[in-house]
Amino acid sequence: MRMIANFSMYPNTVMIGVSHSNRSHFKSTQFPAYTTFDNVILPAYTNINNVIGRRFVHKTSSEVLLERGSNVVSNGQLPNFPSSSYEAAMEKLSSLITRQRRGEKPPLPNKLGRMSMYLKILGLEEDMNRLKIIHVAGTKGKGSTCIFCEAILRECGFRTGVFTSPHLIDVRERFRIDGIDISEDKFLECFWDCWNQLEEKATEQLPMPPLFQFLTILSFKIFTSEQVDAAIIEVGLGGTEDSTNAIKEPTVCGITSLGMDHTEILGDTLGQIASHKAGIFKLKAPSPPPSFSFLSSEDLMSSMFLKPKVPAFTVPQPPEAMDVIIERAKELMVPLEVTEPLDCKQMKGLTLGLSGDHQFYNAALAVSLSRCWLQRTGNWEKVCQNDFQDSNLPDDFIRGLSSTHFSGRAQIVCDSSLYSDCSEIMSENCGELIFYLDGAHSPESIDACAKWFSNAVKGYKNPSHLSISVENTEESSENGHFLHESKALGQFENSSRLILLFNCLDVRNPNILLPRLVNGCSSSGIHFSRALFVPSMSKYTKVTSGASVIPSDLSGIELSWQFNLQRIWEKIVHGKEMTTLLEKDFKAESKLMLPPNEFLYDNPSKGCPSHNYFPSSAVIPSLPLTIKWLRDCVREHPSTRLQVLVTGSLHLVGDVLKLLKR
């Protein structure tokens, strides 16, 4: 069911309605009766058929070259930007990383005021106001929701721009044009244009912006330069004071699921966090008549009801959070709709492109946001045509939802380095080293990760374009040791070991994350054989590109955090502290030493204990060494499959993907 909260012009009046999500009435009556909308008709469609399905490309007033597989739109002129290398741009970006500790207030107040000044220097204010923006905040799933919106609107024929964070391998991942990372040339053109102008005007009172603020500005520059039809913007942190909240008039706003994260900044209650997230709600300000320099308060209030409000959507939230969101919407007289999870029946037999039950909430929110965007831009009737039924989604929506891909979120990758003919879409015969990657780093996202991983390794039919099918699974009771028996012709009994590869930032609480991960998996009958704790390659003081050299120097490496994670893990497994034994033989001169390969395969209960202690985990000093060691283990034991869950940090996931060349 879907709950709709329409706020009338009388602030104390709230109308709450309920509708069924499997009966998707996409009509303008979802908004208050008094509201009128700007019907901005985007350029007409030109029909193009391709192998992906029915798609459209907008005509433009000038000659435009569209290259399939590229996001570069050219009018015949060569880009004008300095002949600086991409790595030079990364060095400039790295210089914007502040040394501010997490939780501290920024050294310069009035972030949004400075944001406005930066945009004015770049001449982007008016151009930004012409962007048709979907603005998305939340704790969990806001990136996935943005990518779902992108896929839907692209299938509907619109040119899209998406800004998300963080990136996994290369900073250009944050800027997507028509579903593709911004090209290096286009990135450099926009980057140096912004950098040179802001650097020239920088003062003590208005210094160069911090990294995320600069990247947000750069996204506006890219999207206005690329003339996207729809700009989909993910909030960085919070909402009220986030750099993306410089957006004055979004077309529609959305809030994904809320949870306890960044509490040192947003507050330690769900209500406080919800207040920050709902800060993106907007009441479109009236434009004063040309002949008057100001309006009386009475005229101002009356004129507000002649202007369109910016609709807002959210998913079901805990009561404490929902109360705050509803109150904020009521205060601003913003039409608010609460969307229930998508009914799989609406997908006409197809599955979502992103795995996990939680994605049905994100997909439903994306459907509502995309529908509203189409309505408010005057394009809904064109898209719907005659293929829309009350009980189903439009075909374009279904194609978009089913084709969505988002790296590092419930992603399964077969290590093809072991087999030259192995494709990324896996089969039972495709390699024996499989990585399950999910950047979960909050308690709620770890719960979702545990459920997804459990379903994936047991061969459940979860919605994913990358999956591994395991039939007739039988499991032994200890050490995460599974026997997968397939009755398919030509296949043989194959044992499997489940390995956890984990790291998290020291601002996270592993005493919460690790037990929830273990409990979530064990409740589904999934048990890890071993856990490996490694430091990430990524440096939080430097922006690197996908071509950056992988560090090999282990001198001076600090592993105290990894040993702390290991102590927590061993206490979960054995129920007692193992502090002194874990670090005893790990000295500086032995950092290149790795566990013996048999460590992954031996049953400790059958071996000789050391100090009456059977370790179920190991600290490895670098991620490249870890990947190499896992590959060596598989080569020496080809009859055993290793299924490795990589989680705890998007930085760790990105580093693994970089090493796997994904």
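Be aware that the sequence shown starts at 639, since it is given in my numbering, and climbs by one per residue. Built from N, CA and C at the ideal position, the CB exists for glycine as well.
Tell whether a beta-carbon distance below 8 Å holds between residue i and residue j.
i, j, result
"G987", "A1048", "no"
"R812", "L853", "yes"
"T952", "I963", "yes"
"A884", "L769", "no"
"L1280", "C1271", "yes"
"L1075", "V774", "no"
"M971", "K947", "yes"
"G781", "E872", "yes"
"I1072", "C1052", "yes"
"L908", "P979", "no"
"L1197", "V1257", "yes"
Let me know if residue i comes out buried or exposed under the rule of 16 or more other beta-carbons within 10 Å of its beta-carbon.
i, result
"G761", "exposed"
"Q843", "exposed"
"K1266", "exposed"
"N1093", "buried"
"M960", "buried"
"N1141", "buried"
"I1195", "exposed"
"E969", "exposed"
"I1164", "buried"
"D676", "Only weak support exists for where D676 lies, its pLDDT of 39 falling under 50; the value from the coordinates is given anyway. Exposed: under 16 other Cβ atoms inside 10 Å."
"R633", "Absent from the model: residue 633. The displayed extent of the chain is 639 to 1300, so no value can be given."
"L1295", "buried"
"S778", "One detail in the question is off: residue 778 reads as Lys in this sequence, not Ser. That one is buried."
"D867", "buried"
Tell me the DSSP bridge mates of residue i?
i, result
"A1001", "Paired residue(s): none; A1001 is not in a bridge."
"C891", "H773 and A950"
"Y1074", "I1050 and L1283"
"E763", "In the DSSP output, where bridge partners are listed per residue, E763 has none listed."
"S1160", "For S1160, which the question treats as bridged, DSSP gives no partner whatsoever."
"S723", "Paired residue(s): none; S723 is not in a bridge."
"L1170", "L1139 and A1256"
"E872", "V774"
Just confirm the distance between the C-beta atoms of residue i and residue j, as a whole number of angstroms; I'd bet it's less than 8 Å.
i, j, result
"T894", "I771", "With 8 Å as the limit, T894 and I771 do not qualify as a contact, their Cβ atoms being about 16 Å apart."
"S913", "M753", "Between M753 and S913 the Cβ distance is about 20 Å, and since that is not below 8 Å, they are no contact."
"G874", "F850", "5 Å"
"R810", "V800", "Not quite, the Cβ-Cβ distance comes to about 12 Å (not below 8 Å), so this is no contact."
"S1133", "S1277", "7 Å"
"V1095", "L1136", "7 Å"
"S1255", "R1168", "6 Å"
"S1183", "S1287", "About 20 Å separates the two Cβ atoms, so there is no contact after all."
"C787", "S1008", "5 Å"
"M898", "P1081", "7 Å"
"G817", "R792", "6 Å"
"T1285", "L1003", "Contact doesn't hold; Cβ gap of about 24 Å is too wide."
Assign residue i to one of three DSSP states: helix, strand, or coil.
i, result
"I1050", "strand"
"V866", "coil"
"H773", "strand"
"E1196", "coil"
"A840", "coil"
"I1292", "Reading the sequence as shown, one finds Gly at residue 1292 and not Ile. Three-state DSSP puts G1292 in a helix."
"L1298", "coil"
"R797", "coil"
"D819", "strand"
"R1135", "strand"
"R814", "strand"
"Q1013", "helix"
"I860", "helix"
"K1089", "helix"
"V976", "strand"
"K778", "strand"
"F919", "coil"
"S783", "Here the sequence assigns Thr to residue 783, which means Ser is not the residue at that position. Residue state, collapsed to three classes: helix."
"T1182", "coil"
"T1278", "strand"
"S1080", "coil"
"R752", "helix"
"F1201", "helix"
"E879", "coil"
Taking 8 Å as the threshold (beta carbon to beta carbon), is residue i in contact with chain D?
i, result
"I911", "Checking the listed chains, one finds no chain D in this structure; it contains a single protein chain."
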